[in-house]
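In terms of the working numbering, the sequence shown has 507 at position 86, counting the first letter as 1, and numbering is strictly consecutive.
C-beta atoms are modelled at their ideal positions from N, C-alpha and C, and glycine is treated no differently.
Being a predicted model, the structure only gives us computed values, none of them experimental.
To start, the structure under review is shown below, and the notes come after it.
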Amino acid sequence: MSAQGCGLAGPEALNIAVPLEVHIHANNWGLMSLVFAGLILDYYPQFAGRPLAWPRTITPIYWLMTLGALGLVLGPWTGSLWFTVPGLVMHLTATLLVVANMVQPIWGDKAAWSPGMWHLTTAYIWILAPVMVAPLIILGVPGFPGMGVEQNAPQALIYGWVLQVGFALVPYLFRLFFAPRQPARLGGNWFSLAAVHLGGVLLWLGIFFVDARAMLHGGAYALWAVAFLPIVWEVAQVMRGAVADWEEATAVVSHP
Numbered sequence: 422m423s424a425q426g427c428g429l430a431g432p433e434a435l436n437i438a439v440p441l442e443v444h445i446h447a448n449n450w451g452l453m454s455l456v457f458a459g460l461i462l463d464y465y466p467q468f469a470g471r472p473l474a475w476p477r478t479i480t481p482i483y484w485l486m487t488l489g490a491l492g493l494v495l496g497p498w499t500g501s502l503w504f505t506v507p508g509l510v511m512h513l514t515a516t517l518l519v520v521a522n523m524v525q526p527i528w529g530d531k532a533a534w535s536p537g538m539w540h541l542t543t544a545y546i547w548i549l550a551p552v553m554v555a556p557l558i559i560l561g562v563p564g565f566p567g568m569g570v571e572q573n574a575p576q577a578l579i580y581g582w583v584l585q586v587g588f589a590l591v592p593y594l595f596r597l598f599f600a601p602r603q604p605a606r607l608g609g610n611w612f613s614l615a616a617v618h619l620g621g622v623l624l625w626l627g628i629f630f631v632d633a634r635a636m637l638h639g640g641a642y643a644l645w646a647v648a649f650l651p652i653v654w655e656v657a658q659v660m661r662g663a664v665a666d667w668e669e670a671t672a673v674v675s676h677p
């Protein structure tokens with residue numbers, strides 16, 4: 422599903438109608454969506470301390486997401502909505518099932534809603550936002566900045582979605598593999614959660630307020646940058662503890 426071959430052979434040789442859209446869809450929906458869904462569904466029982474809401478949906482999620490991604494790639498490749506629309510419906514259905522599997526078991530359990538869990542669940546808001554405005558773009562609603570959405574929404578999607586999944590799972594996986602004696606918990610804190618979402622809001626505001634776009638988008642990227650700081654610190658602390666444990670375990674005790 423990777424778009425790298427498209428770049429090597431050239432869009433003209435492959436008869437690609439909209440090369441940039443094919444590239445974005447292949448990487449976002451054909452790669453990252455599947456990887457993230459797999460990690461979440463696989464590790465959820467460990468970091469949440471309870472099973473998925475509907476474990477039997479894992480196989481349907483895989484096929485819906487895979488075939489949906491194929492449709493979302495073939496749509497702009499052929500310039501046909503006959504691939505894009507079914508692909509979007511299938512992929513969106515699978516995505517909602519992933520989120521529902523996370524949310525339903527912890528619904529009403531305030532203790533389970535750590536910043537990391539909020540990162541994982543609310544990250545998918547930034548997938549739904551472009552989907553919700555897509556009909557306005559397709560219908561060409563007068564006054565709606567369709568071109569601005571098409572140009573800038575991918576940044577909000579990437580930084581609002583990909584960053585948050587990474588913020589939650591990267592520290593968790595570091596703890597799991599490098600510090601097994603520490604309790605493995607999701608990464609992130611309330612600052613990283615607020616900063617990354619506020620950055621997404623500013624970027625979307627910049628789409629509609631053209632005169633202030635540079636300032637709003639600059640603020641968005643600044644917030645996304647500082648949102649990294651607690652995550653980097655968290656991973657560094659995990660690795661520091663892991664190195665200390667390793668040194669203690671391998672230390673040579675000298676006898677007089």
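- Which runs of the beta strand (DSSP E) spanning at least 3 residues fall entirely within the region 456-517, listed in chain order? none
- Go ahead and pull the three-state DSSP assignment for TRP528. coil
- Item | Enclosing alpha helix (DSSP H) for ILE437 [first to last residue] | No alpha helix (DSSP H) holds ILE437; DSSP gives it neither H nor E.
- Task: Starting from the Cα of ILE686, find the closest Cα among ILE461, LEU590, GLY492 and give me that residue.
- Result: An answer regarding residue 686 cannot be provided, because it is not within the stretch 422 to 677 covered by the chain.
- Report the rounded CA-to-CA distance for VAL653 versus TRP498, giving the unit in angstroms. 38 Å
- Leaving out the 5 sequence neighbours to the left and right, which residues in its chain are closer than 7 Å to VAL524 when beta-carbon positions are compared? THR542
- Task: Write down every uninterrupted run of the alpha helix (DSSP H) in the region 599-643 whose length is 4 residues or greater and which is fully enclosed by it, in chain order.
- Result: 611-629
- Helix, strand or coil for TRP539 per DSSP? helix
- Within 10 angstroms of its Cβ, does GLU668 collect 16 or more other Cβ (buried), or is it exposed? exposed
- Cβ shell of ALA544 (< 6 Å), same chain only, five flanking positions each side left out: TRP582, GLN585, VAL586
- Message: Going by beta-carbon coordinates alone, are LEU509 and ILE482 separated by less than 8 Å?
- Response: no
- Item | Contact belief for GLY537 with ALA589 at Cβ below 8 Å, rounded distance in angstroms | 4 Å
- Item | Residue from PRO604, PHE629, LEU513 whose Cα sits closest to the Cα of TRP484 | LEU513
- Message: Beta-carbon within less than 7 Å of SER675's beta-carbon, same chain only, minus the 5 sequence neighbours each way: which residues are those?
- Response: Confidence at SER675 is low in this model, with a pLDDT of 47, below 50, so the placement of that residue should be treated as unreliable; the coordinate-derived value is given next. Cβ neighbours of SER675 beyond the five flanking positions: none.
- Compare the Cα-Cα distances from THR376 to each of ALA438, PHE457, PRO566, TRP475 and report the closest residue. Limits of the chain in this structure are 422 at one end and 677 at the other, which puts residue 376 out of reach.
- Query: Would you call the region 589-603 and the region 633-651 touching, i.e. three or more CB-CB distances under 8 Å?
  - Reply: no
- Straight-line Cα distance separating ALA672 from LEU455: 42 Å
- Item | Whole-angstrom C-beta distance between GLY621 and TRP547, which should lie under 8 Å | 6 Å
- Message: Looking only at its chain, what residues have a beta carbon closer than 7 Å to the beta carbon of MET486, apart from the 5 residues adjacent to it on each side?
- Response: SER454, LEU455, ALA458, HIS512, ALA515
- Under a three-way DSSP split, which group does TRP582 fall into? helix
- Measure the alpha-carbon distance for ALA490 versus TRP450 and round it to whole angstroms. 5 Å
- Message: For TRP539, which residues in the same chain have their Cβ closer than 6 Å to its Cβ, ignoring the five residues on either side in sequence?
- Response: LEU614
- Between the beta-carbon of ALA474 and the beta-carbon of ALA532, is there less than 8 Å? no
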